[in-house]
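Report on the following structure.
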Amino acid sequence: MESLTCPSCGAALPVRDPGLPYSTCAYCQTLVRRAEGTVEAVGTVAVLPADVSPIQISTTVNRDGIAATVVGRVRWGWSDGSWNEWFLRAADGRVFWLGEAMGMYMLTCEYPAVLDVPGIRNFAEGNPMARDCTVKAGGKWFTATDIKDAACLGSEGDLPFPTLPGWTMTNVDFRNAAGDALSVQRDAQGTTAWLGAWSDLAGLAPGNLRQIEGWTMPRALA
Amino acid sequence: MTQPRAVICPSCGGSIEIRAAGYTVTLGCRYCGSVLDVAHEDVRLIKAYRRAVKNFAIAPGARGTLFDVEWEVIGALRRRSAESGDWQEFLLFNPYSGYRWLVLAGAEWQFGTMLLDRPENGPRSVSWRGGDYLRGDSETATTVTVLGEFYWKIARGDEARATAYTRGAEVLSCESTADETNWTQLIPLDDSAVSAAFAVERKFVGAPQRRARRNDTDDLPMMFLFALIALLAVGLVQELVSRPRVCTESTSEIIVGAPSFTTRIGTLEVRRAYQFVTISAVSSNINNRWIDLDYSLVNRQTQQSIDAYGLIEYYTGTDSDGPWTEGSTGAETLIASVPRGTYDIYLDGGAHGWPNDPSVTVKQVKPDEWTVQTSADAENPWAPPEKVTVWFTACTGGFSWGMFWLIGFLLFAVPGAMLWWRHREDD
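Protein sequence lines, in the order shown, are assigned to chains A and H. Sequential numbering from 32 applies to the first sequence in my numbering. Sequential numbering from 485 applies to the second sequence in my numbering.
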């Protein structure tokens, strides 16, 4: 991997995933776009608000055949709260999202097939999603339980889209009784669908967790 | 980003540390009880309160280990339903393990875990992870008090429909609001396990609290009724115990300004082991005079004396507000617990003028006879001295109104304080 420097402050810009176009400089919050070995500053990302998430860039997870490493994070805010979405990359190049809310986690991989379902295609075309809409994905039925308009509050690491202030998306969470999860996100770049399951932290078999001041990491997770 | 974040309460200015930064959405100020929205950088006031939050069994901020995990109590709720009365819920947080609940209903503790997978509905039961849970009672739970941090929007007065499904001692609780339905698994937790983990307020340790007040929804009216009955009983007993009533009477004329003199009012027999003795003195013709009344009850057998004091004072005048009067022309003296015996009641009395005593000349003419001359009236230095007449009635028995009202106050203090306390809690 070639090493890059931030065009704004000159600090080294670690490249965790060369396939990802956007990276946030950890020193000056500059959002950098990479293409063909060149780097270009496209703006400044908001500083992430303080949180006590146990996940950090370089945390690993291993669940349901998914072995991946966190390379980036975006923090979303909506009218009544906020949550983290961690972007993960596996050694084979596959990518995953790890949603973090209420102390629980939703690990998903992209599932484009569901975008052909009429209800979701309708949503992708810019129409509102009906609450209680049911769809079948991966052989399971899901119900839309949670529809949120969210704005980017800040980011770090490498990400697939620009996380400048003002970047917004609409997120629809589908759930079922078995604890499976389907997340459909619509933003300026289009609509993507992600399929996975809810889990607690231990269920992710995590490695390299963040050491949170004042707390002892449980031995099972350390 | 590892340091805790602090916010300033916009209502009281208190600085409050956020323990679950990034997750916390609602904060109940621990200083003034105001409910704050901390989902955004600018802390917004949801509802201002100006009263410190009343004590919970466990104070937010406490840490303890349950099921081998260290938990911090970050939020506390007091909730209420018509069916179950009041209970407390504590939100536990560990950044690596997420959230759990600790519920205290009556003296019983439960440990709650939110379900990620939802039970399958049946008509009278639900099934979850292979077990059947029987549908129990439904009730509407209202949030009464909010203290500390919560990861969702919460405020006093929030209502949720709660249904319990039981399988042995284990309960699945389903709570629904207009927006969402949450399932929580509750397992019983030993009192000692909670006490070992957290500093539990002593009054909540193993106390058989108001557990599910289904039948005695409110015992406060009964407490008032009992206090009233007890007070009437005290009055009746006092009246009965003070009997029998025997009296003696006499009249004295007291010269205003003369040195005090001694006279015998009469004789009384106290027939009980102990009795009240009441001496009332009434005067009719005094104005701007005060009469000192020193009584002595002298036991004929032992010659021991019980002393008491009375005062008649009556003043009139006119000032910028018009005419005024002060005092009264009578005085009642109650002597408590006079032992059995026969008593001579002596009075050592003196009458005085206000603002000045008339000047009086007293001459002894015979061993038992005195002449008194007053010079108050300068016009007529030979005018007869001014006398006031006092009628005395001394009786055994009597009613101590002071004692009666003191007991009344004590009897009503507890239910009255509770009524005030509850009223305070409700608004």
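Note that CB positions come from ideal geometry on N, CA and C, so glycine has one too.
- The beta-carbon distance between R217(A) and A155(A), rounded to whole angstroms, is 6 Å. This is short enough to meet the 8 Å contact definition.
- Interface with chain H (8 Å Cβ-Cβ cutoff): L213(A) is excluded.
- Positions of the beta strand (DSSP E) runs, each at least 3 residues long and wholly inside the segment 118–173 of chain A, are given as 126–132, 135–141 and 165–168 in order along the chain.
- Using a Cβ-Cβ cut-off of 9 Å, M135(A) is close to G582, Y583, M598 and L600 of chain H, given in chain order.
- Secondary structure at M706(H): helix, using DSSP grouped into helix, strand and coil.
- Runs of the beta strand (DSSP E) lying entirely within the segment 497–580 of chain H, each at least 3 residues long, are 499–502, 510–512, 519–521, 528–531, 547–550, 553–565 and 569–578 in chain order.
- When the five nearest sequence neighbours on each side are left out, the beta carbons in the same chain lying within less than 8 Å of the beta carbon of Q785(H) are those of G825 and T826, in order along the chain.
- Its Cα nearest to that of W246(A), the residue G548(H) stands out among P544(H), L561(H) and G548(H).
- Residues of the segment 74–89 of chain A with a C-beta less than 8 Å from any C-beta of chain H: L79, P80, A81, D82, V83, S84 and P85, listed in chain order.
- Here the alpha carbons of L631(H) and R906(H) stand approximately 18 Å from one another.
- In this structure the segment 539–556 of chain H touches the segment 676–684 of chain H; the number of beta carbon pairs closer than 8 Å is three or more.
- Counted as a single uninterrupted DSSP element, the alpha helix (DSSP H) harbouring S679(H) occupies residues D675 to A681.
- DSSP, read as helix, strand or coil, puts V725(H) in helix.
- In the three-state reduction of the DSSP assignment, F205(A) falls in the strand class.
- Burial is judged here by how many other beta carbons sit within 10 angstroms of a residue's own beta carbon; I763(H) has at least 16 and is buried.
- When rounded, the separation of the alpha-carbon atoms in S565(H) and L44(A) is 57 Å.
- Our two residues, K531(H) and R152(A), have alpha carbons roughly 42 Å apart in a direct line.
- In the pairwise beta carbon analysis, the segment 235–242 of chain A is classified as not touching the segment 204–218 of chain A: fewer than three pairs are separated by under 8 Å.
- Any Cβ of chain H closer than 8 Å to the Cβ of L146(A) would place that residue at the interface, and such an atom is absent.
- By the rule that beta-carbons nearer than 8 Å mark a contact, G506(H) touches chain A.
- Contact annotation, D841(H) with G741(H): C-beta distance approximately 4 Å; criterion of less than 8 Å satisfied.
- Contact between A644(H) and S657(H) does not hold, since the beta-carbon distance rounds to 10 Å and is not under 8 Å.
- For V105(A), the enclosing beta strand (DSSP E) begins and ends at I97 to W109.
- Three or more Cβ pairs drawn from the segment 750–767 of chain H and the segment 876–886 of chain H lie within less than 8 Å of each other, which places the two stretches in contact.
- For D48(A), no beta strand (DSSP E) encloses it, and the DSSP letter there is neither H nor E.
- When C-beta atoms of the segment 516–536 of chain H are compared with those of the segment 657–666 of chain H, fewer than three pairs fall below 8 Å, so the two segments do not count as touching.
- Cα atoms of T624(H) and G590(H): separation of roughly 18 Å, rounded to the nearest angstrom.
- The residue among L138(A), G130(A), K167(A) and V73(A) with its C-alpha nearest the C-alpha of A144(A) is K167(A).
- Close to Y635(H), with beta-carbon spacing below 9 Å, are these residues of chain A in chain order: G112, A132, M133 and G134.
- Separation of G652(H) and D674(H) (C-alpha to C-alpha, rounded to the nearest whole angstrom) is 16 Å.
- Looking at the DSSP output, H836(H) shares a beta bridge with W774(H).
- Taking the C-beta atoms as reference points, A224(A) is found no nearer than 8 Å to W107(A).
- With respect to the 8 Å criterion, I502(H) and R489(H) are classified as neighbours on the basis of their beta carbons.
- The three-state secondary structure of F883(H), taken from DSSP, is coil.
- Under DSSP, no beta-bridge partner is assigned to A653(H).
- Close to E554(H), with beta-carbon spacing below 8 Å, are these residues of chain A in chain order: W246 and T247.
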